[in-house]
Amino acid sequence: MNIWGKPVITTRIFAILFLLLSTTVGMGVTSIWNAGQFNQMINRVIVEDIPAIEAAREIETSLANQKGFATYYFLDGDPKWLNELSVHRKVFLHWLDQALLVNQEPKQRNLLEGIQKKFAVYVTEKDRVIDLYKAGDRKTGEELHWKVREQFFELKEMAATYKQVNELNIQQALETSRAKMQRLSSAAVVFMICALIFGVLLAFIMISQILMPIRRLSREAAVTGEPAPPGNEVRLLRTRVHGLMQHIDRTRSELEQSQELLMNSEKMALVGKLSTEVAHSIRNPMTSINMRLFSLKRNIDLTEVQKEDFEVVAEEMRRLDNIVSNFLEFSKPHKLKKRRIDISTVVDMTLDLLFYRLEVHSVKVVRKRSASLPLIEADPELLKEVFVNLMVNACEAIEIDGEVTITEQEAVAENIGRAVVVKFTDNGPGMSEELQKRVLEPFETTKPQGTGLGLFIAVRIVKEHGGTLELHSKEGQGTTFILTFPALEEV
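Take the position in the sequence shown, starting the count at 1, then add 5; the result is the number in my numbering.
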């Protein structure tokens with residue numbers, strides 16, 4: 006039988022639904038398969054490659070930090086150099102153990118085991134040099150010291166090789182990701198062509214087999230003046246078409262969600278390369294700056310004001326180091342060090358840290374604090390990072406002669422219960438509704454030199470503490486960030 010000849014309307018509806026469902030299933034299967042492939046790749050990068058490259062960086066850094074302490078001890082005999090050396094050795098061994106825990110290829114594991122054995126020999130020989138210096142036999146110790154330096158450079162070369170191997174793995178993962186995206190793009194073009202063909206076909210069918218008959222039926226009903234009887238095929242067809250349109254809307258929504266998932270997967274695949282560039286470009290200069298600051302502080306007589314300035318600079322460097330570490334850990338949860346704290350104390354620490362920045366921007370801070378707030382269980386360093394980020398953003402938005410109001414109060418929050426709320430309100434230019442939708446997403450920034458991770462990481466930190474971060478803003482009326490944390494029950 007010719008199904009498009011003179012079948013009942015029910016048969017036509019089922020034929021149209023079959024075409025639409027076939028397209029939907031094809032697109033869904035392709036999207037699910039590609040999502041699974043991306044998920045496997047992202048899991049490997051997050052579980053293996055990123056921890057391995059992080060450990061490689063730390064191994065290389067902690068090894069470099071061990072250089073010179075024996076020489077310093079030879080020069081002034083101060084035992085604190087040996088204590089510093091011991092600390093850096095422990096850091097080196099810690100990261101070496103972390104690297105060994107990662108599931109890696111035989112080549113990488115052989116390198117790590119070689120570094121482990123070489124470091125044990127190096128430590129033994131270095132301790133012999135120190136013992137000779139302690140015994141007063143400086144000549145013999147100095148001769149042995151030169152031989153130990155050769156072992157140090159061999160270790161350094163092995164660590165650099167291990168780091169390069171891990172960087173190559175991440176690069177290969179990125180290239181694989183690009184190849185898969187190209188294949189996915191090709192598949193998307195094919196589906197678009199198929200969808201276009203089916204769309205034209207469905208339009209023809211709808212017009213010739215459904216709309217035109219309905220129109221003819223309507224005209225015939227108008228001529229005869231008789232209403233269509235209940236339960237006829239026209240009413241059934243109208244019901245079927247309505248259901249079909251709803252199904253199309255759902256299909257479009259599912260396609261948009263699949264596209265968003267694939268875009269986020271591509272961003273996550275680039276995290277490894279971005280983390281490597283940040284660590285290479287920022288962490289090494291920061292280490293050099295810290296060493297220079299330490300040297301200057303030891304060798305220059307400073308006034309009390311200068312000492313205070315040095316402490317502020319050192320604190321800022323520590324904060325920068327924490328930010329870099331969080332950026333490297335962007336793809337995995339933070340390791341929270343929770344304890345019972347008073348959130349007002351964290352706010353005070355934040356304002357002390359930003360005292361000079363607030364003065365430079367001429368920003369006035371207004372405090373509104375309840376008499377007694379309940380304690381919360383949180384990591385104070387991570388909360389301070391969140392508060393600093395919000396305050397710095399406010400200063401940059403206000404530019405000069407502005408005001409930031411910090412409100413601390415107890416409240417009862419939905420899905421949390423008894424809670425502590427901290428509000429940061431500035432009188433800056435505010436944000437548009439479009440910007441508010443994007444500003445909390447990763448890699449979205451309005452700053453020329455920004456990474457677009459600050460607010461995203463802040464939201465994640467707050468969520469990891471069981472809290473919420475809300476943004477309220479209007480153009481020309483300032484911006485308010487509301488942070489809500491669960492309060493501890495009073496004992």
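Cβ atoms here follow ideal geometry from the backbone N, Cα and C, with glycine treated the same way.
Classify residue i: buried if its beta carbon has 16 or more other beta carbons within 10 angstroms, exposed otherwise.
i    : result
A184 : exposed
F23  : exposed
T355 : buried
Q414 : exposed
T484 : buried
L206 : exposed
V34  : exposed
R257 : exposed
P56  : buried
E63  : buried
W151 : exposed
K343 : exposed
W38  : exposed
V368 : buried
V153 : buried
Who does residue i pair with in a DSSP beta bridge?
i    : result
Q414 : V426
V409 : V370 and D431
T181 : Answer is none; T181 lacks a bridge partner.
T473 : T489
What would DSSP say about residue i, mapped onto helix, strand or coil?
i    : result
P491 : strand
L206 : helix
N150 : Here residue 150 is His; the residue named in the question, Asn, does not match the sequence. The answer is helix: DSSP assigns H150 an H, G or I state.
I381 : strand
S478 : strand
T544 : Residue coverage of the chain in this structure runs from 6 to 496, which leaves residue 544 outside it and unanswerable.
T308 : coil
S300 : helix
L445 : coil
I421 : coil
G73  : coil
M436 : coil
S375 : coil
L341 : coil
G33  : helix
G82  : coil
Starting from residue i, trace the beta strand (DSSP E) both ways and give me its first and last residue.
i    : result
I346 : R344 to I346
Span of the alpha helix (DSSP H) holding residue i?
i    : result
V92  : K85 to L106
K122 : P111 to A140
S67  : I55 to N70
E364 : F360 to V365
Under 7 angstroms from any heavy atom of the ligand PLP, does the C-beta of residue i make it?
i   : result
I64 : The model on display carries no ligand, and the ligand PLP is accordingly not part of it.
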